[in-house]
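The letter at position 89 of the sequence shown is residue 1414 when you use our numbering, and the numbering goes up by one with no holes.
Glycine included, each C-beta is placed from N, C-alpha and C at the ideal position.
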Amino acid sequence: PNITIAYALDSNVHESDVTKWLQIVQEKAEAQLSATLSAQVRLENVRIWTPRSGLLDVLREVTRNGMLYPLQALDGMRIFFSMSYNPDIICLVTKASIGDGGRLSHVPGYGVYKTLCEKVVPLLLYYNKEDPEFMGTMLSGLIFQSINRNRARYVDDYEKLRSKRNRIWSYLRKCNKKYKSVSSPDH
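This is how it looks when you write it as structure tokens:
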């Protein structure tokens, strides 16, 4: 199955610097996710872009002292993208530290929504250019955690997952349905 993913870059991350890095991250995430789910999963990169105003304004509001507050950022992203055709995942790649200044401090990635293949899943990924392999593993874990456990039973039971592959396939085949190849808006 294909899972569509788009990468929004914060204003401190430049597409020319991150393109090769994202390719390595995505390949690692794809391989890891396929192994975890016992199913060949393809992450289809549909877009890499730096948002203009709007989303950047939302992100500025939830960044304090160089720290991107993850819950507020994800909530803002989800609301911002709720009125348009979207891929299954929109991943913000940022150089800002991800954390809340307290319990969460400098985490490499973050996601909370469990709506993969149902509604857009916003994710945060720190741009660690020195270790794209680790960030690929992080992205794979974030995607795996975004699977709705109520609709994809067995996903946490590797033995049942391997013996009942059609269940994860029936869940994942719902991915890649809502994204339309219309002219891409400049969020």
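Item to check | Rounded separation between Ser1471 and Val1480 - CA only | outcome: Taking the sequence shown and counting its residues from 1, the one referred to as residue 1471 is at position 146. Taking the sequence shown and counting its residues from 1, the one referred to as residue 1480 is at position 155. Answer to the nearest angstrom: the Cα atoms are 11 Å apart.
Next on the checklist: Out of Glu1352, Thr1440 and His1339, which one is the CA nearest neighbour of Val1418?
Outcome noted: Indexing the sequence shown from 1 puts residue 1418 at position 93. It is His1339.
Checklist entry - Taking all protein chains shown into account, do 16 or more other C-beta atoms lie within 10 angstroms of the C-beta of Trp1494, making it buried, or fewer, making it exposed? => result To locate residue 1494, count along the sequence shown from 1; it is residue 169. The residue is exposed, with fewer than 16 neighbouring Cβ atoms inside 10 Å.
Checklist entry - On the premise that Arg1403 lies in contact with Val1445, defined as a C-beta separation below 8 Å, what is that separation, rounded to the nearest angstrom? => result Your numbering for residue 1445 matches position 120 in the sequence shown. Your numbering for residue 1403 matches position 78 in the sequence shown. Going by Cβ atoms, the distance from Val1445 to Arg1403 rounds to 7 Å, so yes, they are a contact pair.
Next on the checklist: Between the alpha carbons of Ile1373 and Asp1413, how many angstroms are there, rounded?
Outcome noted: Along the sequence shown, one-based indexing puts residue 1373 at 48. Along the sequence shown, one-based indexing puts residue 1413 at 88. Those two C-alpha atoms are separated by around 14 Å.
Checklist entry - Does DSSP put Pro1447 in a helix, in a strand, or in coil? => result Numbered from 1 along the sequence shown, position 122 holds the residue referred to as residue 1447. It is a strand residue.
Checklist entry - Alpha carbon to alpha carbon, how far is Ser1363 from Leu1497? => result Along the sequence shown, read from residue 1 onward, the residue named residue 1363 stands at position 38. Along the sequence shown, read from residue 1 onward, the residue named residue 1497 stands at position 172. Cα to Cα, Ser1363 sits roughly 12 Å from Leu1497.
Checklist entry - When we look at the beta-carbon of Pro1510 and count the other beta-carbons within 10 Å, is it buried (16 or more) or exposed? => result Here residue 1510 is taken as the residue at index 185 of the sequence shown, counted from 1. In this prediction, Pro1510 has a pLDDT of 47, which is less than 50 and means its spatial position is unreliable; what the coordinates show is noted afterwards. Per the 10 Å Cβ criterion, exposed.
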